[in-house]
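In our numbering, the protein residues as written are 129 to 557.
C-beta atoms are modelled at their ideal positions from N, C-alpha and C, and glycine is treated no differently.
Every value quoted in this text rests on a predicted model; they were computed, and no experiment measured them.
Heads up: the structure comes next, in structure tokens.
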Ligand code: KE4
């Protein structure tokens, strides 16, 4: 496949941007390829600098549930941008978005808009520590909550493992306050609360893990975490940056009937522009400055353009909730079809799918946590990724990400994707 123009741009990019990208996953290093440079997106498609078009299952890593350049989003942005780009002052539209988030996300009583998912989770951790006066937090191996120091912690598994710096620059004194445990296992959580009695400020968890591939919560896991947090005076924080408005207007908490103290949002609520949000119960959120003393701020928080794109996206979803059924069915067809073809080719694979999120693990399974997900055949995934990209199908360049279907995908897109599968999988055996 011709990629001269992307290659040329990548060579230029690497001279002035570390790794040639502004976010590491985009470099495609884990699949041994160079990235293609995108010129435009429309609906379920992307075009690169060499004129190649792709059926896009990355969707900007989740925000584009309506697909690229949706007319309602473009129109809202055109109206907003004609009035200016940022005021650094309150606006009526950010109140409207806050009210819409409170209306849709069951546990929310108040919400603070920020600029990214990282800012939302970073603030959630600071708020939990500020409200409880405690320093330790529990997260789960393989869950990714953005790149704030306390959350960028790779950790061993096992009971109450003290985090080890997941990245140079994260001071050990800080990393040790993060206890990272195996997903889907309540026993280590219980033991952590016993070992660090009265010292744990919060549990933060992805209700459906989307950053170790897609790993579903086992039945008692999330309610068990909520109960253990409550019993021990810690906050229960759901990181719904991916699942918020992805698994329905009420997110994962609506689907699973959860009532977290805090919820982190991002991606879809910005419609492809930089937005995050932290929301929760009034008695917790009111500790945030200027009402309370836990500080958080942002020059572009509640930015009018990002708010306009987010409002248009959520209002479009609200106006036609059948979108969710449609994209779930397409995602199911895609996931089941890929699994069937891979098994027919004799490959050891496991498929997970929920809503419009799915993942094919090159792994005999079961995959229930990061340790089992990490047993996947990453070389085989890399060949799968390369072959699909050359067939014009754009997947996330990592086994540990999520395949997203948008409202712009059609049955024909899924059929075209599945039609490429037999030859691809045959070459993997
Ligand atoms: P951002 O700071 O990238 O907006 O959000 C961080 C974040 C928080 N929580 C969850 C559950 C997330 O998935 C993310 C970010 N997701 C990754 C991809 N899985 C973003 C892609 C990237 O890092 O470029």
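- The shortest CA-to-CA distance from residue 247 to any of 229, 406, 306, 550 is the one to 406.
- With a threshold of 7 Å, the Cβ atom of residue 339 counts as near the ligand KE4, since some heavy atom of the ligand is closer than that.
- Put simply, of 340, 251, 506, 429 the residue whose alpha carbon is nearest the alpha carbon of residue 157 is 506.
- The alpha-carbon separation between residue 230 and residue 237 amounts to approximately 6 Å.
- Assignment of residue 540 by DSSP, reduced to helix, strand and coil, places it in the helix class.
- The residue from 161, 262, 458 with its alpha-carbon nearest to that of residue 134 is 161.
- Taking the Cα positions, residue 221 is about 7 Å away from residue 435.
- Taking each of 499, 524, 500, 333 in turn and checking the Cα distance to residue 511, the smallest one comes out for 524.
- Within the stretch 381–414, the runs of alpha helix (DSSP H) at least 4 residues long that lie entirely inside it are, in chain order, 410–413.
- In the assembly as shown, residue 543 is an exposed residue. Its beta-carbon has fewer than 16 other beta-carbons within 10 Å.
- Apart from the 5 residues on each side of it in sequence, residue 167 sits with its Cβ closer than 8 Å to the Cβ of 175, 176, 177 in its chain, given in chain order.
- Distances from the CB of residue 367 to the heavy atoms of the ligand KE4 include at least one below 7 Å.
- The Cβ atoms of residue 378 and residue 234 sit closer than 8 Å to each other.
- Annotation: the stretch 145–219 contains the following complete segments of the beta strand (DSSP E) (minimum length 3 residues), in chain order: 166–170, 173–176, 181–184.
- Rounded to whole angstroms, the separation of the alpha carbons of residue 259 and residue 414 is 10 Å.
- Using a cutoff of 7 Å, the CB of residue 189 counts as near the ligand KE4, since one of the ligand's heavy atoms is closer than that.
- Only residues of its own chain outside the window of five on either side were considered, and among them 465 have a CB closer than 6 Å to the CB of residue 546, listed in chain order.
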